[in-house]
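Residue numbers (the working numbering): 12 to 720.
Shown next as structure tokens:
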């Protein structure tokens, strides 16, 4: 119904309607329409005006924004394109950091006023324990503070309820990495523990399927395929197995863990899943959407254990076209846990790992079919860029190595089988007119893509340059540098030219996958949209398609918005903690030299991607560099030297900041110059110390007082 209302308000003649008018147009009960409108308002999709008429926000000058606290400007509204708008002081009292709002920008003034608060954030905040005038206090980054009734070690981080000033949780000491993880998660709205009510409900969750459970599932028409050759393929350190694959009689089998069976809507477990929305993966750990009793237990497709799942059998022809498919609830038994690393040994090096002998034909057949699907997608516009994922190697909880995550044939196999399963599920949902959370990807920023092509030309690649590059032209340009030292950087820039994929209740297609209708169903343990889509399917077969439509259509838009918000927050958490962990790791290599690749340039810094995927900055303190109009060339005004994105550059690690995650580098060419200037500065400092000595204050103390000098 949300989709129908949006479509109705999208037409020019009906873009401004009352509740009564919408109800008449759609032939639905007014009370039901009101509930759907309220949900769409909460998402910021529609806006109720003073005349009680509803209009799409996109047809107004209103903008969705997130409130952020900044030390320089106070509270600002951050738009989706990262534009910052200053807020009026009268808005401050009603707003908190991370509130989601609708704002009305003032024309060309950089100001805005808040017209509606869509979603209030958690009012809890984090304070650090200090001692001031013999009193222990907890002070937050934005200046809020309370006096503490109990004593805590100085530097302890506390979670505090701003309404009651009560300490809700002791997070840990600020110098502990585990505390940093928890703090960043909390700052971005992710709970770090499960409530007592949740844990109480968890006690009723089984750890395995009993014989009685299996009989019950069979009575509900779950198909028993426990004898079918099915395996999981995951990373060596993976603990949650939410997908398994198999092959028999020219049919591909894909089974996804059935999470929807084990808890009801409205339960504490359900509410917590919606609150988290996604599993977050800081380096070396996970903050799960579902408790590990689900993700590592009853919903994990572990070897040798019967599990409830949702399965598809798919038959494709030699060109990758789906000839037929069947979707069915199932009982499966994973025959073997395999790993990417070991499957790659066979597919890439023809090395057979002990214990794999009985599964070689299965692996070969699945890989062959997955590549047929990939080839078809490449012909139809699939954009195939290199992975930007980083792998951390741990020993005794310490990072001993950082490297680019290997994307081999085993990873390809699973990636394209999961895409195939998602496409089949979307086809089923569309044909049966079921609501679902779609994954849309709009066309790219063609201006930026043209600049990317011009950069390739500048780097002596014979790239196609066009005002509107077609997918096949993008991939032609990409192949020009494939395998070269600058590939990672050039791929990153190409990816940044793309629109961000978003969840929606309206299926509009996925540009990077060849503009096909798309949604995700294969990570029900880790992603809210996948879990919800699976839930809709089970409701449709258990209670009927009409029931599923009426129940889910009004709330899918809201759930899509929750999923987008969770994904954005998770990305911020992972990026921040990646930066911190990389800086911590690189701290042991101060003074070491590297050959990196220039990844970004500006008049104040040069970003350099190091061979181990860590990225650092060369800070430019003087005005001898000028950024050329193309935005990817830096000109040294004194020497005439050009620094171009993608150039190799020799750098020296100067210092790291383990709190902010900043890695600072020196250009090896400029290193001697820096050392000379540094030496001169030391002499000047010594002279200044002498100059200020008659004031009875040492220069070092002077610097501490006047830190900006």
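Think of the CB as a built atom: it goes at the ideal place given N, C-alpha and C, for glycine as much as any other residue.
Touching by the beta-carbon criterion (3+ pairs, under 8 Å), the region 264-282 and the region 362-376: no
Residues bridged to residue 412 [DSSP beta-bridge criterion]: 404
Three or more C-beta pairs below 8 Å linking the region 489-498 and the region 446-465: no
Of the listed residues 97, 237, 138, 159, nearest to residue 146 (C-alpha basis): 159
CB contact check: residue 617 to chain C, cutoff 7 Å: Within the model displayed, chain C is absent; a lone protein chain is all it includes.
Proximity of residue 280 and residue 318 at Cβ, strictly below 7 Å: no
Buried or exposed (CB count within 10 angstroms, at least 16 for buried), residue 334: exposed
Endpoints, the beta strand (DSSP E) within which residue 668 is located: 659-668
Neighbourhood of residue 18 by C-beta distance below 7 Å, restricted to the same chain and skipping five residues each side: none
Own chain partners of residue 616 with C-beta closer than 8 Å, once the 5 adjacent residues on each side are dropped: 628, 629, 630, 631
Residue range of the beta strand (DSSP E) that includes residue 218: It is not in any beta strand (DSSP E) - residue 218 carries neither H nor E in the DSSP assignment.
Contact under 7 Å by Cβ, residue 247 with residue 406: no
For residue 222, the three-state DSSP class (helix, strand or coil): helix
Cβ neighbour criterion (16 or more within 10 Å) applied to residue 315: exposed
Proximal residues to residue 436 (C-beta, below 6 Å), its chain only, five neighbours per side dropped: 532
Pair within 7 Å by beta-carbon distance, residue 312 and residue 255: yes
Contact under 7 Å by Cβ, residue 674 with residue 594: yes
Whole-angstrom distance between residue 543 and residue 515, CA atom to CA atom: 13 Å
Spatially closest choice to residue 28 from 46, 466, 60, 643, by CA coordinates: 60
Residue nearest to residue 383 in terms of C-alpha spacing, selected from 272, 171, 330, 35: 330
Beta bridge counterpart(s) of residue 341 as assigned by DSSP: 234, 320
Residues that residue 382 bridges to, as DSSP identifies them: Partner(s): none; residue 382 has no beta bridge.
Beta-bridge pairing of residue 202 - partner residues as DSSP gives them: For residue 202, which the question treats as bridged, DSSP gives no partner whatsoever.
Cα-Cα separation between residue 354 and residue 503, rounded to whole angstroms: 28 Å
Residue 36 - containing alpha helix (DSSP H), residue span: 30-37
Option in 366, 251, 587, 664 with minimal Cα separation from residue 677: 664
C-beta contact flag for residue 536 and residue 253 at 7 Å: yes
N-terminal and C-terminal residue of the beta strand (DSSP E) that residue 172 is part of: 167-172
Where residue 706 falls: helix, strand or coil (DSSP): Residue confidence is low: residue 706 scores 28 on pLDDT, short of 50, so the model does not pin down where it sits. Its coordinate-derived value is still stated next. If DSSP states are grouped into helix, strand and coil, residue 706 belongs with the helices.
Proximity to residue 462 [Cα-Cα], best of 141, 643, 429: 643
Rounded separation between residue 481 and residue 672 - CA only: 38 Å
Cα-Cα separation between residue 721 and residue 625, rounded to whole angstroms: Because the chain is modelled from 12 through 720, residue 721 falls outside the range shown and cannot be assessed.
Beta carbon of residue 392 nearer than 7 Å to that of residue 520: no
DSSP-derived helix/strand/coil call for residue 56: coil
Assigned secondary structure, residue 640 (DSSP; H/G/I helix, E/B strand, else coil): coil
Range covered by the alpha helix (DSSP H) that runs through residue 485: 482-492
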